[in-house]
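If you're matching positions, the sequence shown starts at 1 in UniProt numbering and goes up one per residue. Heads up, the thing below is written out as C-alpha cells.
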Amino acid sequence: MTKSGQTYIRAGSQTTLTCRWTSPTGDDLLRINWRQGSTVIATSVVTSSFTPQYPDTSVKDRVTLDTLTSTSTNTSITLTGLQCPGDIAEYSCEVFTTALQDSFGSASFNLNLFSLVENNVTITSSSSQLQADQNASLTCTASNIGRPPGIMKWYKGSQEITTGFTQQTSINSDGCTYNGVSSLSITPTYQDNGVMYTCVVEPNSTVIGDSSKQGTYTLDVQYPVRQGPRVTSSTGTFTVEQGTTFTLNCQASGNPIPSYVWTSPDNTNSTGSQLILTLTNTGTFLYTCFATNSLTTTPFSTGVTVTVQDLNNREMFHNLVFWV
Numbered sequence: 001m002t003k004s005g006q007t008y009i010r011a012g013s014q015t016t017l018t019c020r021w022t023s024p025t026g027d028d029l030l031r032i033n034w035r036q037g038s039t040v041i042a043t044s045v046v047t048s049s050f051t052p053q054y055p056d057t058s059v060k061d062r063v064t065l066d067t068l069t070s071t072s073t074n075t076s077i078t079l080t081g082l083q084c085p086g087d088i089a090e091y092s093c094e095v096f097t098t099a100l101q102d103s104f105g106s107a108s109f110n111l112n113l114f115s116l117v118e119n120n121v122t123i124t125s126s127s128s129q130l131q132a133d134q135n136a137s138l139t140c141t142a143s144n145i146g147r148p149p150g151i152m153k154w155y156k157g158s159q160e161i162t163t164g165f166t167q168q169t170s171i172n173s174d175g176c177t178y179n180g181v182s183s184l185s186i187t188p189t190y191q192d193n194g195v196m197y198t199c200v201v202e203p204n205s206t207v208i209g210d211s212s213k214q215g216t217y218t219l220d221v222q223y224p225v226r227q228g229p230r231v232t233s234s235t236g237t238f239t240v241e242q243g244t245t246f247t248l249n250c251q252a253s254g255n256p257i258p259s260y261v262w263t264s265p266d267n268t269n270s271t272g273s274q275l276i277l278t279l280t281n282t283g284t285f286l287y288t289c290f291a292t293n294s295l296t297t298t299p300f301s302t303g304v305t306v307t308v309q310d311l312n313n314r315e316m317f318h319n320l321v322f323w324v
C-alpha cells in the first residue's frame with residue numbers, strides 16, 4: 001500500500017492512498033475494505049449496482065473511491081479536508097478474493113500544521129535587570145509551534161547560537177499542535193548591554209509555504225562605571241582666548257546612566273555632564289569631572305587643564321608677524 005505526497009500533509013488538504021495486490025490465476029476480486037486504525041471507514045464491492053458504504057460517517061463526505069472490477073489489481077481512496085488529530089492514523093486496505101486466503105496491506109501518514117503557528121513567540125529573562133558577569137537565562141515560549149514540532153533556534157545579533165540551550169515540547173489541548181519552551185544560559189558582559197537576542201521557530205518539515213516565526217529581547221545589562229570619563233571641549237581644544245564662552249563635556253560608560261560632578265579651581269562643584277565656562281583671567285586652570293552610578297563604589301575622575309591666552313598679546317604677536 002502506498003500514499004501520495006509527503007509524510008507530513010497540510011491540514012485541510014487531501015491525500016490519496018493506493019492499494020496494490022497480485023491475485024493468483026483464477027482468483028477474482030470480491031471486496032475492498034479501507035480501515036482507519038481498526039475502524040472500517042469505506043467498503044467497495046465488485047458489482048455494477050453497488051454503492052460504496054461508509055460505516056464511519058465522519059469521513060463519508062470526504063472520501064472518494066475508485067471503481068472496482070473483478071480483475072482490478074489496485075484501487076485508491078482519496079481523503080479530502082484532512083483533520084487533525086482525527087485523521088492521523090494508520091490506514092490499511094483488506095483485499096477479499098475468491099481465494100481462501102485474504103490479503104492485507106497498510107500505510108500511515110501524519111499531518112503538517114506548521115502553517116497554523118501563531119506569531120506569539122515571546123522571550124523573558126530570569127531577571128528584569130541583568131548584572132554584568134553574572135549567570136542568567138533567557139526563556140523562549142511559543143504556545144503553538146505546529147505539527148510536527150518546529151525547531152527553536154537562538155541568535156545573538158545575527159550570529160546563531162549552537163550550544164547552551166534546551167528545548168521542550170508538549171502537546172496542546174487540541175491534541176494536534178505542540179507548544180515549545182527553550183531556555184538559553186547566558187553570562188552577559190558590560191559590552192552586551194543593548195544586544196538583541198532572537199528566538200526563531202523554524203518548520204520541521206519540507207511543505208511548501210511554511211514560514212518561520214520569531215521573538216526578540218534586548219538585554220538591559222547593569223554595570224558600574226569602569227574607568228575615568230572622557231572630557232572634550234566644544235572648541236576642539238583646551239586652549240582658549242580670554243573671554244571666550246565654551247563648554248566642557250564629560251562622558252562615561254555605565255548602566256544605570258552615570259551622574260557627574262565637576263570640581264573647579266575656585267573649589268566650587270557643579271553637577272551634570274556639561275560645564276559652561278567664560279574665563280576672563282589668563283593662565284592655566286584645572287577642571288576635574290567625576291563619574292559614578294549606583295553600582296560604582298568609588299567615582300572615577302578625569303582632569304583637564306584649560307589654558308586661557310591674553311587676547312591683546314595674541315593680536316600684538318599677529319601684527320608683529322605681519323610687519324616682518
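We put the CB at the ideal spot given by N, CA and C, even for glycine.
Inset, instruction - Would you mind working out which of I276, P224, N293 and T305 sits nearest T244, comparing C-alpha positions? - result: Minimum Cα distance to T244 is reached at I276.
Inset, instruction - Examine the ligand COA and report whether any of its heavy atoms sits within less than 8 Å of the Cβ of T22. - result: No copy of the ligand COA appears in this structure; indeed no ligand is present at all.
Legend entry - For P229 and S301, the rounded distance between their alpha carbons: Cα to Cα, the separation comes out at about 6 Å.
Legend entry - Reduced DSSP category for Q274 - H, G, I as helix; E, B as strand; rest coil: In the structure shown, Q274 sits in a strand (DSSP, three-state: E or B).
Inset, instruction - Could you check the C-alpha separation between D192 and G86 for me, to the nearest Å? - result: Counting only the Cα atoms, G86 lies some 48 Å from D192.
Inset, instruction - Give, in chain order, every unbroken run of the beta strand (DSSP E) that is at least 3 residues long and sits entirely within the stretch 257 to 306. - result: Here the runs fully enclosed are 259 to 263, 269 to 271, 274 to 278 and 283 to 292.
Legend entry - Where the beta strand (DSSP E) through Q242 begins and ends: Neither: Q242 is in no beta strand (DSSP E) and is coded neither H nor E.
Inset, instruction - Measure from the alpha carbon of V304 to the alpha carbon of each residue in Y197, N312, C84 and L286, then state which is nearest. - result: Minimum Cα distance to V304 is reached at L286.
Inset, instruction - Please report how far the alpha carbon of L29 lies from the alpha carbon of T177, in whole angstroms. - result: When the Cα atoms are used, L29 and T177 turn out to be separated by approximately 41 Å.
Inset, instruction - In angstroms with no decimal places, state the Cα-to-Cα distance between T189 and T284. - result: Going from the Cα of T189 to the Cα of T284 covers about 40 Å.
Legend entry - Start and end residues, beta strand (DSSP E) containing R20: Per DSSP, the continuous beta strand (DSSP E) segment holding R20 begins and ends at T15 to R20.
Inset, instruction - Ignore the nearest five residues each way along the sequence and tell me which others in S23's own chain have a CB closer than 6 Å to its CB. - result: Scanning its chain for C-beta atoms nearer than 6 Å, with the 5 sequence neighbours on each side dropped, one finds around S23 the residues T97, in chain order.
Inset, instruction - Count the other C-beta atoms from every protein chain shown that fall within 10 angstroms of the C-beta of N319, then say buried if there are 16 or more, exposed otherwise. - result: Its pLDDT being 45, under 50, N319 is placed unreliably by the model, and the measurement read from it follows with that caveat. So N319 counts as exposed.
Inset, instruction - With a threshold of 16 other CB atoms inside 10 Å of the CB of P149, please say whether the residue is buried or exposed. - result: Buried.
Inset, instruction - Please name the residue, chosen from S294, T296 and Q242, that lies closest to T280 on a Cα-to-Cα basis. - result: Checking every option, the nearest Cα to that of T280 belongs to Q242.
Legend entry - Meets three-Cβ-pair contact criterion under 8 Å: the stretch 194 to 204 and the stretch 151 to 165: By the C-beta criterion, the stretch 194 to 204 is judged to be in contact with the stretch 151 to 165, since at least 3 inter-stretch pairs fall below 8 Å.
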